[in-house]
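Sequence order for the protein chains is A and B.
Heads up, the first sequence is in this note's numbering, so the first residue is 1 and it goes up one at a time.
Heads up, the second sequence is in this note's numbering, so the first residue is 1001 and it goes up one at a time.
C-beta atoms are modelled at their ideal positions from N, C-alpha and C, and glycine is treated no differently.
There are 2 protein chains.
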Amino acid sequence: MRTLQVDLGERSYPIYIGGGLLAKAGSYFEDHQLSKKSPVLIVTDDHVAPLYLKQVEESLENSGYRTVSKVVKAGEKSKSLGVFEAVMTTAIEGGLDRRSVVVALGGGVVGDLAGFVAASYMRGVTFVQMPTTILAHDSSVGGKVAVNHHLAKNMIGAFHQPEMVLYDVETLQSLPEREVRAGLAEMVKHGLIWDAEFADWCRDHTSKLLALDADTLVYGLTKGCSIKAQVVSDDERELGLRAILNLGHTLGHALEAIGGYGEFLHGEAISIGMAAAALIAVNRGADRSLYEETVALLSGFGLPTVMPKHLDEEQIIGAMMHDKKFKEQKLVFILPLSIGKVEIVSDVTVEEVRRAIRDLKEEEQHV
Amino acid sequence: MRTLQVDLGERSYPIYIGGGLLAKAGSYFEDHQLSKKSPVLIVTDDHVAPLYLKQVEESLENSGYRTVSKVVKAGEKSKSLGVFEAVMTTAIEGGLDRRSVVVALGGGVVGDLAGFVAASYMRGVTFVQMPTTILAHDSSVGGKVAVNHHLAKNMIGAFHQPEMVLYDVETLQSLPEREVRAGLAEMVKHGLIWDAEFADWCRDHTSKLLALDADTLVYGLTKGCSIKAQVVSDDERELGLRAILNLGHTLGHALEAIGGYGEFLHGEAISIGMAAAALIAVNRGADRSLYEETVALLSGFGLPTVMPKHLDEEQIIGAMMHDKKFKEQKLVFILPLSIGKVEIVSDVTVEEVRRAIRDLKEEEQHV
Ligand SMILES: NC(=O)c1ccc[n+]([C@@H]2O[C@H](COP(=O)([O-])OP(=O)(O)OC[C@H]3O[C@@H](n4cnc5c(N)ncnc54)[C@H](O)[C@@H]3O)[C@@H](O)[C@H]2O)c1
Ligand SMILES: NC(=O)c1ccc[n+]([C@@H]2O[C@H](COP(=O)([O-])OP(=O)(O)OC[C@H]3O[C@@H](n4cnc5c(N)ncnc54)[C@H](O)[C@@H]3O)[C@@H](O)[C@H]2O)c1
Ligand SMILES: [Zn+2]
Ligand SMILES: [Zn+2]
């Protein structure tokens, strides 16, 4: 078991990463002196509930906590105001008060949804993350929580740091393979933006990671979380540096949106986005090897790096225009300088993006 | 014109109180160096819009700001997640970005709604309050913003401090008389919880306040805001002292809820709540004059202080049980000790509340 401290002054919190942690949830709650008089709300989805909900409920109840649970439908569509309101109903009917804890048991969808509930219920209650996907190593660090608006993703949300993150890597064994690959996209991203050595490590451990080898996973997840934690500590509210975490995301979010949040998983969409960012950098003068190495690394994990031909360029550009990374109407992009290093560029033109989209339609997917 | 500084560390902000301020909105925005590149969203309601919206739009536009406006239906029902989502749609379609400002032009309903939009749009943008009711002297200080859940009031919200409050008292001239009285209930409350001299001043200036005399209003509103600001500065997130602002509110919110937010205005409901709190204090041993003086002060403003006979005791108690002031299932009440002084009491029994409800049904309304 590893413990990683996210350093945010009085909002600092620990991430516990290891096996078998869900079964010990109750004692972690006790260690953190969470109130036993107030009901705990566990939010999860209908894929995760049959696998792990009982375990968490029992552990908490054995320690003397009362729990109520809300199971939402699995998938991005649950990150909506409608489902948010339904979770609030459960919270109110369950009698949650200001000392209650809201738990997110699941992937990034449940984490973002439950986190926004925790941020807003009675104007904010304690939040505990219990991530069950690889992708959630990213989403559980940094305190960004949100639901989607039908016009744009993550548009409605808050910054709300958890009290702790209990990351039980045993749960990852039941993840569908496609989710494993997509989650690893964010791990690779952490290497690409910050740490060339870690990017190399990811490349060298591709097959062990895909095989969900426990020690390899714990190392990779801890490293990924710690890179994110360093960036976030430096800039909790995304005024500057934190934007680098958005490598691949401006385009990625647009792809998710025009695919109706069904065609691409988040990790797949940002994988294409990272390939595009590398290509834009190359078109601006970087060495072509930067693009090639990026694509090789991502496709090693079975991640997509080409633009599907059926996607309409106008639609992609239109969706990007709604994206919140357009600070004052200018196109802000995160572009790689080299593996492990990126820059925030605020003068990328729509034409450059169009060209990258077109070029990526001509590329062949390497798998 | 008076300026009052609300002291909250890096979240401190000024309240400007005086006549003709809306027509100068543009220059206040410039003084606060708010971005001219990002669209400003003005949220208001359909009573206020025909009276004051154009003035604000023009002033901002003359200073070079682009504005988009969203007019919601007047009334508490607009503090819902549905209307919240509609305002978000306007914000997105209007192209608001992270440097945009959301303005609340109106009373507490618009303030709470627009404030929660500002708190959540892209996880938080700048918020400016332009209160147009007397009650809003209360709601515009302290950063509490929220919408209602159909099961309970103000259940979904945030703490989000404004950048500034522009309080143009000329707008109060068009307020319906019933709203004037209801708004003054919160002013009186500020005297009752904190400052016996100010409570006396309110009593001595009852008719000037009701007649909306400009200087009297500016003094009373400034004093009311400053009491609230002192309490909030001490306890921004309501961990202790701030609870005293809830004098009359636990019962008041229940009355609003069972009246479907239509029978009582907020100020009327808390007026009955303040009478009830005084009665509970008397039943616990305080001198009966405490209750009599409270009732005399409130009824001087034409505010209700008796419990309407048609209201069902069980329903009132049931609604209170949903209220968020029930910390860990105990009944927390704010009770007066004397005029200008209250205490936070955590052991009020349901029976004591029932008795006060019954007794207040037998009282005669003095007007
Ligand atoms: N807040 C942030 O900083 C942040 C960062 C990155 C991504 N995100 C968000 O995260 C979301 C994506 O997260 P995700 O990829 O975890 O998606 P997800 O939560 O939808 O989980 C993916 C799928 O795996 C299932 N699942 C989860 N755990 C499982 C397990 N242990 N065994 C079997 N099945 C399991 C889920 O039911 C779902 O079907 C997106 O909404 C994205 O916007 C947020
Ligand atoms: N956030 C807080 O700290 C806080 C504190 C107290 C109350 N509140 C909230 O405030 C709300 C009540 O506020 P309110 O009493 O201002 O209600 P309101 O906003 O509904 O305004 C009352 C009525 O007056 C109309 N109106 C507003 N300004 C006018 C003007 N200048 N001329 C003519 N008509 C005008 C409105 O359209 C409305 O019909 C409640 O929702 C309550 O929960 C919040
Ligand atoms: Zn991501
Ligand atoms: Zn009030």
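Residue pairing for E343 of chain A: DSSP places it in a beta bridge opposite A:L335. Excluding sequence positions up to five before and after F1116 of chain B, its CB lies within less than 7 Å of the CB of F1084, V1145, A1146, V1147, G1157 and A1158, all in the same chain and listed in chain order. In the DSSP assignment, R1002 of chain B is bridged to B:I1017. For ligand 3, a non-hydrogen atom lies closer than 8 Å to the CB of D138 of chain A. The segment 1144-1212 of chain B is shown to contain whole beta strand (DSSP E) runs of 3 or more residues at 1144-1149, 1152-1159 and 1164-1168, in chain order.
Looking at the backbone, the Cα of L184 of chain A and that of R1099 of chain B are separated by about 33 Å. Residue nearest to A1025 of chain B within the set B:A1114, B:L1060, B:L1135 and B:S1271 is B:L1060 (criterion: CA-CA distance). Following the DSSP letters along the chain, one finds F127 of chain A inside the beta strand (DSSP E) bounded by residues T126 to P131. Contact between the segment 1120-1134 of chain B and the segment 1105-1112 of chain B is present: three or more C-beta pairs spanning the two stretches fall below 8 Å.
Here the alpha carbon of L331 of chain A sits roughly 10 Å from the alpha carbon of V353 of chain A. Within the segment 1244-1299 of chain B, the alpha helix (DSSP H) runs of at least 4 residues that lie entirely inside it are, in chain order, 1249-1258 and 1266-1283. H1266 of chain B has its CB nearer than 8 Å to a heavy atom of ligand 4.
Taking a beta-carbon distance threshold of 9 Å, R11 of chain A does not count as an interface residue toward chain B. Look at the segment 156-172 of chain A: the residues with a C-beta under 7 Å from a C-beta of chain B are I156, G157, A158 and F159. Contact annotation for H1047 of chain B against chain A: no contact, minimum CB-CB distance about 26 Å [criterion: below 8 Å]. Close to K189 of chain A, with beta-carbon spacing below 8 Å, lies no residue of chain B; the smallest spacing is near 20 Å. Assignment of T1044 of chain B by DSSP, reduced to helix, strand and coil, places it in the strand class. Inter-residue distance for G240 of chain A and R284 of chain A is about 23 Å (C-alpha atoms, whole angstroms). Excluding five sequence positions before and after A243 of chain A, the CB atoms of its chain that fall closer than 6 Å to its own CB belong to I344, given in chain order. It is roughly 15 Å from the alpha-carbon of Q173 of chain A to the alpha-carbon of I17 of chain A. Residue contact check for M1088 of chain B against chain A: a CB pair falls below 9 Å. When C-alpha distances from A1286 of chain B are compared across B:T1349, B:A1136, B:I1339 and B:M1155, the shortest belongs to B:I1339. If you look at G26 of chain A, you'll find it in the alpha helix (DSSP H) that goes A25 to D31.
Within the same chain, and ignoring the five residues on either side of F1198 of chain B in sequence, the residues whose Cβ sits closer than 6 Å to its Cβ are G1191 and K1223. A contact is defined here as three or more CB-CB pairs under 8 Å, and the segment 1135-1145 of chain B meets this definition with respect to the segment 1161-1176 of chain B. Under the Cβ criterion of 9 Å, E1076 of chain B is not counted among the residues facing chain A. Looking at the DSSP output, L105 of chain A bridges to A:T44 and A:M130. Burial is judged here by how many other beta carbons sit within 10 angstroms of a residue's own beta carbon; L175 of chain A has at least 16 and is buried. Beta-carbon to beta-carbon, G1267 of chain B and A1182 of chain B are separated by about 3 Å, close enough to satisfy the 8 Å threshold. With 16 or more other Cβ atoms from the protein chains shown falling within 10 Å of its own Cβ, P1162 of chain B counts as buried. For I1092 of chain B, the closest Cβ of chain A is nearer than 9 Å. Distance from the C-beta of V110 of chain A to the nearest heavy atom of ligand 1 is below 8 Å.
With respect to chain B, the C-beta atom of M122 of chain A has a partner C-beta closer than 9 Å. Between ligand 2 and P1308 of chain B, a heavy atom-to-CB distance of less than 8 Å is absent. Proximity of A119 of chain A to chain B, defined by a Cβ-Cβ separation below 9 Å, is satisfied. Between the alpha carbons of A281 of chain A and S346 of chain A lies a gap of roughly 13 Å.
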